[in-house]
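Trainee: Once you've had a glance at the structure underneath, I'll fire off some questions.
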Amino acid sequence: MGLFTELKDSISRVTDRLFSEQEPKRIGIYGPPNAGKTTLANRIARDWTGDAIGAESHVPHETRRARRKENVEIERDGKTVTIDIVDTPGVTTKVDYEEFTDEMDEEDAIRRSREATEGVAEAMHWLREDVDGVIYVLDSAEDPITQVNTMLIGIIESRDLPVLIFANKTDLEESSVKRIEDAFPQHTTIPLSAKEGNNMEEVYGKIAEYFG
Amino acid sequence: MPKATNADDSDPSDGVQIDLISGERMDGMATMEKIRMILDGVHDGNIVVLEEGLTPDEESRLIEVTMAEISPDEFNGIEIETYPKSETRDSSLLGRIMGTDQTETKLTVIGPANQIETLHKDETLISALVSRN
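Protein chains in written order, with my numbering: chain A, 4 to 215; chain B, 2 to 134.
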């Protein structure tokens, strides 16, 4: 082995070690309620660590506190990227406990709404202080142009955080990925179905590319 | 700090009060002063219209503080719609080139979620249907 090659290998080993000793990036999964954030977080966590993060449900605000899965190692093209996934409650500007009374008694509905408001406040605080990048999950069967989405994307952009938009629920007939691409053309949109596990290879490739 | 309310003593049950707040009034305020003024108005059942909206950071704090104030049967949050000011008309060329233009003036409408039946926005119009409760 020549001197040059040895030197190059030595530098490469040092930089690899430096990279591996970096703190994992904290990637917040944000989006409106019921977009499938926890389903995606669980899919990623199960695929790379074997464990889920939290319960999934069709009832809005099932995730009421931010939950973190640390040291999720994603391997792509021979390179490993390590991230902490933070699954956050769906961001909204209003929470009405009466929305939950069809599914549970009033006392539980009130408790759920209180926990949800605390969770959203916490998620907003974390967005300002504690995340290094954002995965923004949208239900591709719903209209993406809502005030909350526009506001959240604006807040994320103002903080210069790297963001990937995931157009989830492509398994639904009404799904339109183009509607999301057209709404936020300044960002990369990746279609997927977290529930069915569709297009997860591209999802992991993009996570490694953006957050590695 | 003076609240943005009517000077007269009209009974609020007579109708819905709309507070149109100028950019000039907001200029000298700290973030939490702005948020307090907005939420005090909304708690009173008013519709608050900001000539110049909030920065993204202020918007995120508005959501955070709103969440802290939601309580069952009393206040269930806000409806908010915003028009960004047209970049081509309002940003200075230098500001756009340098990426330093922070004067993103935008009209913002905020109201109590339990009183705003619909808050709809299209390209040139924000339309709110407000109930008196």
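For every residue, glycine included, the Cβ atom is placed at its ideal position computed from N, Cα and C.
Can you tell me which of 71/B, 74/B, 77/B and 40/B puts its alpha carbon nearest to the alpha carbon of residue 60/B?
Mentor: Translated into the one-based positions of the second sequence, residue 60/B becomes position 59. It is 40/B whose Cα lies nearest to the Cα of residue 60/B.
Trainee: Spell out whether any CB of chain A is found under 8 angstroms from the CB atom of residue 58/B.
Mentor: On the second sequence, position 57 is the one that residue 58/B refers to. For residue 58/B, the answer is yes, since a Cβ of chain A falls inside 8 angstroms of its Cβ.
Trainee: Would a check of beta-carbon distances place residue 168/A closer than 8 angstroms to chain B?
Mentor: For the purposes of this step, residue 168/A is taken as the residue at position 165 of the first sequence. No, residue 168/A does not count as interfacial toward chain B.
Trainee: Quick one: give me the first and last residue of the beta strand (DSSP E) that residue 121/B is part of.
Mentor: Translated into the one-based positions of the second sequence, residue 121/B becomes position 120. Residue 121/B -> beta strand (DSSP E) spans 117-122.
Trainee: Give me, in chain order, the residues of the same chain whose beta-carbon lies closer than 6 angstroms to that of residue 127/A; leave out the 5 immediate sequence neighbours on both sides.
Mentor: For this step, residue 127/A is matched to residue 124 along the first sequence. Correct list: empty, nothing qualifies.
Trainee: Between which residues of its own chain and residue 82/B is the CB-CB distance below 6 angstroms, once the five residues before and five after are set aside?
Mentor: Translated into positions along the second sequence, residue 82/B becomes position 81. Hits under 6 angstroms: 110, 120, 122 and 127.
Trainee: With 8 angstroms set as the bound, which would you pick, yes or no: does the beta-carbon of residue 22/B sit closer than that to a beta-carbon of chain A?
Mentor: By 1-based counting over the second sequence, the position of residue 22/B is 21. So no, residue 22/B is outside the interface.
Trainee: In this structure, does DSSP put residue 20/B in helix, strand or coil?
Mentor: Here residue 20/B is taken as the residue at index 19 of the second sequence, counted from 1. Three-state result, residue 20/B: strand.
Trainee: For residue 28/A, which of 169/A, 188/A, 203/A and 165/A has the nearest alpha-carbon?
Mentor: Numbered from 1 along the first sequence, position 25 holds the residue referred to as residue 28/A. The residue from 169/A, 188/A, 203/A and 165/A with its alpha-carbon nearest to that of residue 28/A is 165/A.
Trainee: Which residues, in chain order, does the stretch 58-87 of chain B contribute to contact with chain A at a C-beta distance below 9 angstroms?
Mentor: 58, 60, 61, 62, 63, 64, 65, 66, 67, 68, 69, 70, 71, 72, 73, 74, 77, 78, 79, 80, 81, 82, 83 and 85
Trainee: Please confirm whether residue 42/B and residue 74/B have their CB atoms less than 8 angstroms apart.
Mentor: As a first step, residue 42/B must be located in the second sequence, where it is residue number 41. As a first step, residue 74/B must be located in the second sequence, where it is residue number 73. Cβ distance not < 8 angstroms, so residue 42/B and residue 74/B don't count as in contact.
Trainee: May I ask you to verify whether the stretch 135-150 of chain A touches the stretch 33-53 of chain A, counting CB pairs closer than 8 angstroms and requiring at least 3?
Mentor: yes
Trainee: Give me, in chain order, the residues of the same chain whose beta-carbon lies closer than 6 angstroms to that of residue 63/B; leave out the 5 immediate sequence neighbours on both sides.
Mentor: Indexing the second sequence from 1 puts residue 63/B at position 62. Excluding sequence neighbours, residue 63/B sits near 36.
Trainee: When you compare only the Cα positions, how much space is there between residue 77/B and residue 98/A?
Mentor: On the second sequence, position 76 is the one that residue 77/B refers to. On the first sequence, position 95 is the one that residue 98/A refers to. So the alpha carbons of these two residues sit roughly 5 angstroms apart.
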